[in-house]
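See structure below.
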Amino acid sequence: MDFSRVSRPALIGNRYNSFLSAHSFVALVVVITIYRWIVLYTGSLNLHFDEAQYWLWAQNPAWGYFSKPPMIAWMIAAYQFFFGDSVVALKSLSLFTYLLTSGVVYSLACRVHNHQVARYSVLLLLTMPAVSISSLAITTDVFLIFFWSVALWLLVQSDNSSGGVRFGYLALLGVTIGLGLLTKYTMVLFLLSMVLWYLRLPTTQWPRLFIDGVFVAVIALVVMSPNLWWNVTHQMASFKHLHEISQVSSSRFHVGELLSFWGAQVGVVGLFSALLFVRYCLCSLPRALSNQSTYRWFCFFLAFFMIISLQALVSRAFANWAAPCYIAAIIWLS
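Numbering (our numbering), first residue to last: 9 to 342.
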């Protein structure tokens, strides 16, 4: 499998190739970041209920909590150790994390496209309405998107390496997926996306890919195992909450919930990006699926999106549940 360079021209980066210079890109990122920090500093924002709950958890770090895995509490605990526990300091954690995510997305897009596409990918990410809002809040999605991006980068790096270096990247991939699972259980869909990608590759590679997949999954399970043990010793509290919030026991289809979820995605990614997604899926998806280089973005975007859509159809799904899939989508479209 070859992640090195895609053969399809990027939609935005190719069309507006001379518009965004390196200096303009850096200036835009700096302006966006400074503006959001000013809003955070001058906005007299308070912690909402979920943020206050996460902060309370952070005062007593554990391997799990009632409604979430422990990562968000650990992040808050570490951040407040260095920067204090003022509201501005705590909320700036998300802003800082998105900057790290932007760096990962830039590196990933450079690896599979070029610098121009990487710039547009980062700008699409930073200007998504959901990112604009969550930059000023402490949510699990902020960290999930970060670990998802790092996992994608490591997968690409492992594909373009060999020998011990390759297994080093695969080991780090397993660790990153495990950390993602300690953030939000949705990270398990990364492993499913990997399987879908592997199935597209020549059958002669399947034995090696099977070993790779098991190797990554075992490491991820080891990293996540303390949280699994915590759940075992606490009446499976987190998994019971996940079952309750997803309402998976419902036996009827809910077309209204599905349409509501799809409509809410306009608020997640913005009208411009949403129209691009729809246009590309309707006009170019068959061609993209026949191309091995672009098929991987289908695995990490549309497959994830359709799984959450199915969840919405059979019960319900909140708008943010599909957030990680847009990392692949923005690189796909840029």
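Yeah, the Cβ is synthetic: ideal placement off N, Cα and C, and Gly gets one too.
DSSP, read as helix, strand or coil, puts Thr191 in coil.
Proximity of the stretch 317-327 to the stretch 93-110 falls short of the contact definition, fewer than three beta-carbon pairs being nearer than 8 Å. Note on geometry: alpha-carbon atoms of Leu321 and Leu55 lie some 33 Å from one another.
Distance from Ile227 to Gly186 at the Cβ level is roughly 7 Å; contact confirmed, criterion being Cβ atoms closer than 8 Å.
Residue environment: Ser143 is assigned as buried (16 or more neighbouring CB atoms within 10 Å of its CB, all protein chains considered). By the Cβ test, the stretch 151-160 is in contact with the stretch 322-333, since at least three Cβ pairs between them sit closer than 8 Å. Setting aside the 5 residues that flank it on each side, Ala145 is surrounded in the same chain by His56, Glu59, Lys99, Ser102, each with a C-beta closer than 8 Å to its C-beta; the list follows chain order.
Close CB contacts of Phe280 within its chain, under the 8 Å cut and outside five residues either way in sequence, are absent. The straight-line gap separating the alpha-carbon atoms of Ile339 and Ala126 is approximately 8 Å.
In this structure, Tyr62 is the residue among Val274, Gly275, Tyr62 with its C-alpha nearest to the C-alpha of Ala81. Here Asn68 is exposed. Its C-beta has fewer than 16 other C-beta atoms within 10 Å. For His251, the enclosing alpha helix (DSSP H) begins and ends at 245-254. Per the coordinates, the alpha-carbon of Met79 lies some 13 Å from the alpha-carbon of Thr194. For the options Val230, Gly92, Val224, Asp149, the alpha carbon positioned closest to that of Lys76 is the one of Asp149.
Short of 6 Å from the beta carbon of Phe33, and not among the five residues preceding or following it, lie these beta carbons of its own chain, in chain order: Arg127. Taking one beta carbon from each stretch, the stretch 120-140 and the stretch 264-277 have 3 or more pairs nearer than 8 Å; the two touch. Assignment of Ser29 by DSSP, reduced to helix, strand and coil, places it in the coil class. Just so you know, the alpha carbons of Trp237 and Lys248 end up roughly 15 Å apart. When the alpha-carbon of Ser201 is set against those of Phe308, Asp220, Val112, the nearest one is in Phe308. In the displayed model, Ala325 falls within coil according to three-state DSSP, outside both helix and strand. Leu189 is not a Cβ neighbour of Val224, given a cutoff of 8 Å. Annotated three-state conformation of Thr147 is coil, per DSSP. In the three-state reduction of the DSSP assignment, Trp71 falls in the coil class, being assigned neither a helical nor a strand state.
Using a Cβ distance threshold of 8 Å, Thr184 and Leu162 count as a contacting pair. In the three-state reduction of the DSSP assignment, Thr241 falls in the coil class, being assigned neither a helical nor a strand state.
A buried status is given to Arg304, since no fewer than 16 other beta-carbon atoms sit within 10 Å of its beta-carbon. Going by beta carbons, Phe91 and Ala85 fall outside the 8 Å limit. In the DSSP annotation of this structure, the continuous segment of the alpha helix (DSSP H) that includes Leu108 starts and ends at 95-120.
When the beta-carbon positions are compared, Phe151 and Met244 stay at least 8 Å from each other. Rounded to the nearest whole angstrom, the CA to CA distance from Cys291 to Leu181 is 33 Å.
Following the DSSP letters along the chain, one finds Ala337 inside the alpha helix (DSSP H) bounded by residues 333-341.
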